[in-house]
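See below for the structure under consideration.
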Amino acid sequence: MIPRIYIPGDSGALALGAEKVAKAIEKELADRGIEAKIVRNGSRGAYFLEPMVEVATADKGRVAYGPVKPSDVKSLFDCGFLTGGYHKRWLGAPDKIPFLAKQTRLTFARCGVINPLSLDHYKAHGGLKGLQNAVAMAPADIVKQVTESGLRGRGGAGFPTGIKWKTVLETTADRKYIVCNADEGDSGTFADRMIMEGDPFVLIEGMAIAGIATGATKGFIYIRSEYPHAVAVMRKAVEIARGAGLLGLNVLGSPNAFDMEVRVGAGAYVCGEETSLLDSLEGKRGQVRAKPPLPAHKGLFGKPTVINNVISLASVPIIMDKGAAFYKDFGMGRSRGTIPIQIAGNVKYPGLYEAAFGMTLGEIVDDIGGGTATGRPVKAVQVGGPLGAYFPRALFDTPFDYEAFAAKDGLIGHAGIVVFDDTADMLKQARFAMEFCSIESCGKCTPCRIGSTRGVEVLDRLAQSIEPEKQIALVTDLCNTMKFGSLCALGGFTPYPVMSALNHFPEDFRPTPVAEAAE
Amino acid sequence: MTMQPASTEIASRTAAIIQELKGLEGPLLPILHGIQEEFGHVPQDALPVIAEALNISRAEVHGVVTFYHDYRSHPAGRHVLKLCQAEACQSMGSDAIAAKLKQLLGIGFHETARDGSVTLEPVYCLGLCACAPSAMLDGEVIGRLNDEKLDEIVAEVRS
Ligand SMILES: Cc1cc2nc3c(=O)[nH]c(=O)nc-3n(C[C@H](O)[C@H](O)[C@H](O)COP(=O)(O)O)c2cc1C
Ligand code: SF4
Ligand code: FES
Ligand code: FES
Chain A
1 MIPRIYIPGD SGALALGAEK VAKAIEKELA DRGIEAKIVR NGSRGAYFLE
51 PMVEVATADK GRVAYGPVKP SDVKSLFDCG FLTGGYHKRW LGAPDKIPFL
101 AKQTRLTFAR CGVINPLSLD HYKAHGGLKG LQNAVAMAPA DIVKQVTESG
151 LRGRGGAGFP TGIKWKTVLE TTADRKYIVC NADEGDSGTF ADRMIMEGDP
201 FVLIEGMAIA GIATGATKGF IYIRSEYPHA VAVMRKAVEI ARGAGLLGLN
251 VLGSPNAFDM EVRVGAGAYV CGEETSLLDS LEGKRGQVRA KPPLPAHKGL
301 FGKPTVINNV ISLASVPIIM DKGAAFYKDF GMGRSRGTIP IQIAGNVKYP
351 GLYEAAFGMT LGEIVDDIGG GTATGRPVKA VQVGGPLGAY FPRALFDTPF
401 DYEAFAAKDG LIGHAGIVVF DDTADMLKQA RFAMEFCSIE SCGKCTPCRI
451 GSTRGVEVLD RLAQSIEPEK QIALVTDLCN TMKFGSLCAL GGFTPYPVMS
501 ALNHFPEDFR PTPVAEAAE
Chain B
1 MTMQPASTEI ASRTAAIIQE LKGLEGPLLP ILHGIQEEFG HVPQDALPVI
51 AEALNISRAE VHGVVTFYHD YRSHPAGRHV LKLCQAEACQ SMGSDAIAAK
101 LKQLLGIGFH ETARDGSVTL EPVYCLGLCA CAPSAMLDGE VIGRLNDEKL
151 DEIVAEVRS
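As given, the protein sequences belong to chains A and B, one line each in that order. Counting from 1, position 135 in the first sequence corresponds to residue 135 in the UniProt record's numbering; the numbering is continuous, with no gaps. Counting from 1, position 32 in the second sequence corresponds to residue 32 in the UniProt record's numbering; the numbering is continuous, with no gaps.
What follows is the structure, given as structure tokens:
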């Protein structure tokens, strides 16, 4: 048997040097005259171990090594890593690495395991079963199963996916669309990127199921331009899927037609907002549309459109494979199934952690994340991207659940968690939230466009200790105006990071003029 | 209607790109991406050609081009370096990284070095938040930036 070596081609792994490691391994193989097959897999998401190289052995299954540096490669060969030999980077069976072993991998079951562009690998690891079931079902029954699974949109708003699909199914039109929102602009998030780079067929399968369930025949995946690797993998995967009859006039040989195209964004955060994304796809400025009409009634080019996040769609195949009850069994309250939590920023063990809803924020940050990378105390964590609230340690008992976070004036969003140590200046973070809003505002509403710029000015004055009480009153007032006078969540939710920083870390908003005297 | 005469060179290359992509549903963004890839920026002279081909006003095309951060009105340097300035990278010291890099390159954000070697831009998240602070150099991703990696980047853009 020719040894098989897995070296991630995932952007995160590449950013940590996976390409150099691959080159070094290729060279070493050539120098030693060893024949081996190199597979560029996705990442399993344990980024503190990337680049993580795995070898498929005859007797021990897969054996992992990481984080591997190019300078480790020679000694890896000397230690017999092709047969799982011991080396200081030896991690053993990847499934047993605690960070990975404790997860519940439903959506990400194959990510990092298989060759992302091999349909055979995909099928060998349970792929296509959901779609096979779906083509044999009536559309209404597919929609019912998705509804009963309790799946809610993973893009941020948490709207029940089945209900959205039902509206599109019940709206008659000559043409309907499935649009996948792969704009993933939130800082601290990378789940969409990982799945597109590591298991693109699961997204294609999910979109095809959505098409069959709603009567839509055309899909678009709108990927942000900051993700060139994901764009390249998705484009190749769509072509392969088309060639294999997964897409086209007869999906899996059924009478259902469904095809799709990959489109690339142009660097506008607001285009992640669904109606702005639709305008962008149509070739317009990415400005937010007033609702109604809902995209489900009048979406892309005025036609009924399902618009879903990558993870929402990629979670559908397992639901259609194992059933609604299986999926629904995970989770708590009205948050059912699993959620890929992305642990990022100043944290010891950063990465993607898929688990059932319900873990507390403290468990995620301290136990799984291992505290900060700098070793200093955790001061704050921002949950849910740039529009999400900053949580202090005092709220670490909050369970990861849509309603529980809302009750604490926060949001789960796309499930990104950014950890900050005690050197963080929360006034500076609040100012950044306002600045980001002013940079990315689509310009349609005054509170968002002008208010955010005013917010930056007010916080700058506060930083200079100019009439602090007055500035705090002003910023609070501004936040109220933005919250209630904005059309979309960019203007409407920017108050979350600002006010949470102010409320939970008031000491940072009362800078003492002493600092100047000390200079 | 009077239109600025498009330079024939730009016009013909633009027309070829339009020809290839015109059949798409909502072809404007793909066309603009194609043009930027071709010229390194979106030249003013390309706009009337697009407007005419898609039967929309020139103002409309201009409005779209200026809305998106990606489209440049002027050519960039030989290298484009995007430095992440979003929260996860902030938590790992991206502010200090940015200050150091600006000093090393002698330019600020949205500026191009005088020798035309590099354009520096801020970017808000590259999806590399688990490898912060991060950057992208000509489409290549770089994580866990530190002084050593900054020196490598500077050497590369200057070579
Ligand atoms: C400013 C803004 C940015 C957004 N960015 C994204 C994004 O990048 N990805 C995403 O899936 N949803 C994003 N959303 C949410 C979408 O508007 C929408 O709720 C989502 O695509 C619906 O899909 P889902 O139900 O599967 O979550 C954003 C919303 C706002 C207001
Ligand atoms: S809140 Fe801001 S981004 Fe949203 S529609 Fe209004 S101006 Fe546009
Ligand atoms: S990794 Fe190839 S079939 Fe499992
Ligand atoms: S915040 Fe910098 S890569 Fe995500």
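Just so it is clear, CB atoms sit at the ideal spot from N, CA and C, and this is done for glycine as well.
- Item | Phe391/A (DSSP reduced to helix, strand or coil) | strand
- State yes or no: is the C-beta of Glu87/B nearer than 7 Å to some heavy atom of ligand 4? yes
- Query: In chain A, what lies closer than 9 Å to Pro27/B by C-beta?
  - Reply: Gly283
- For the alpha helix (DSSP H) that contains Arg263/A, what are its first and last residues? Counting along the chain, Arg263/A falls outside any alpha helix (DSSP H), though it belongs to the beta strand (DSSP E) covering Asp259 to Val264.
- DSSP state of Met332/A, grouped into three classes? Correct three-state label for Met332/A: strand.
- Message: Can you pull out the residues from the stretch 410-433 of chain A whose beta carbon lies closer than 8 Å to at least one beta carbon of chain B?
- Response: Result list: Gly416, Val418, Val419, Phe420, Asp421, Ala424, Gln429 and Phe432.
- Given a cut-off of 8 Å, decide if Ile307/A and Asn181/A are closer than it, judged by their beta-carbon atoms. yes
- Message: Is the beta carbon of Tyr65/A closer than 8 Å to that of Arg32/A?
- Response: Against a cut-off of 8 Å, the Cβ pair of Tyr65/A and Arg32/A comes out as no contact.
- Helix, strand or coil at Ile204/A [DSSP, three-state]: helix
- Selection from Asp70/B, Pro43/B, Leu28/B and Asp151/B that minimises the alpha carbon distance to His110/B: Asp70/B
- Task: Anything in chain B within Cβ reach of Phe301/A, meaning under 8 Å, just list it in chain order.
- Result: Glu25 and Gly26
- Task: Look up Ala515/A in the DSSP assignment and say whether it is helix, strand or coil.
- Result: Interpretation of Ala515/A is limited by its pLDDT of 48, a score under 50 that renders its predicted location unreliable; the figure taken from the coordinates is listed afterwards. Ala515/A: helix per DSSP, three-state reduction.
- Message: Can you check whether the C-beta of Val123/B is within less than 8 Å of a C-beta belonging to chain A?
- Response: yes
- Contacting positions in the stretch 106-136 of chain B - beta carbon closer than 8 Å to chain A: Val123, Tyr124, Cys125, Leu126, Gly127, Leu128, Cys129, Ala130, Cys131, Ala132, Ser134 and Met136
- Query: Where does the unbroken beta strand (DSSP E) through Lys82/B begin, and where does it stop?
  - Reply: His79 to Cys84
- Going along chain A in order, which residues have a C-beta closer than 7 Å to the C-beta of Glu148/B? The premise fails here: Glu148/B is roughly 13 Å from chain A at the closest Cβ pair, so nothing lies under 7 Å.
- Message: Considering only their Cβ atoms, is the gap separating Val123/B from Leu83/B smaller than 8 Å?
- Response: yes
- Positions along the stretch 54-70 of chain B whose CB lies within less than 7 Å of some CB in chain A: Cβ contacts with chain A: Gly63, Val64, Phe67, Tyr68, His69 and Asp70.
- Task: Please name the residue, chosen from Gly283/A, Gly286/A and Glu274/A, that lies closest to Pro293/A on a Cα-to-Cα basis.
- Result: Glu274/A
- For chain B, find out if any of its Cβ atoms is closer than 8 Å to the Cβ of Glu239/A; answer yes or no. Chain B contact via Cβ: absent.
- Query: Is Ala501/A buried or exposed, if buried means 16 or more other CB atoms sit within 10 Å of its CB?
  - Reply: buried
- Can you check DSSP and say which residues form a bridge with Tyr222/A? Asn181/A and Arg263/A
- Can you name, in chain order, every residue of its own chain whose Cβ lies under 8 Å from the Cβ of Asp366/A, other than the five neighbours on each side? Val378 and Phe396
- Task: Identify, in the order they occur along the chain, each residue of the same chain with its Cβ nearer than 7 Å to the Cβ of residue 192/B, setting aside the five sequence neighbours on each side.
- Result: Since the first residue shown for chain B is 1 and the last is 159, residue 192/B is missing from the structure and cannot be characterised.
- Task: Flag this pair as yes or no: are the beta carbons of Gly42/A and Pro8/A separated by less than 8 Å?
- Result: yes
- Query: Do His414/A and Asp186/A come within 8 Å of each other at the CB atom, strictly closer than that value?
  - Reply: yes
- Residues bridged to Asp421/A [DSSP beta-bridge criterion]: Val378/A
- Task: Quick one: grab the DSSP three-state call for Pro295/A.
- Result: coil
- Are any of the Cβ atoms in chain B nearer than 8 Å to that of Asp186/A? For Asp186/A, a Cβ of chain B is located within less than 8 Å of the residue's own Cβ.
- Task: Please decide whether Tyr122/A counts as near chain B, where near means a Cβ-Cβ distance under 8 Å.
- Result: no
- Query: Between the C-alpha atoms of Arg13/B and Leu151/A, what's the straight-line distance to the nearest angstrom?
  - Reply: Between the alpha carbons of Arg13/B and Leu151/A lies a distance of about 48 Å.
- Task: Inspect the CB distances between the stretch 345-358 of chain A and the stretch 45-57 of chain B and report whether three or more fall short of 8 Å.
- Result: no
- Item | Cβ pair Arg235/A, Gly265/A closer than 8 Å | no
- Query: Which of helix, strand or coil does DSSP assign to Ile10/B?
  - Reply: helix
- Task: Along the beta strand (DSSP E) that carries Gly243/A, what are the first and last residues, could you check?
- Result: Segment Pro228 to Gly243 is the alpha helix (DSSP H) holding Gly243/A; no beta strand (DSSP E) there.
- Gln464/A classed as buried or exposed, judged by whether at least 16 other C-beta atoms fall within 10 angstroms: exposed
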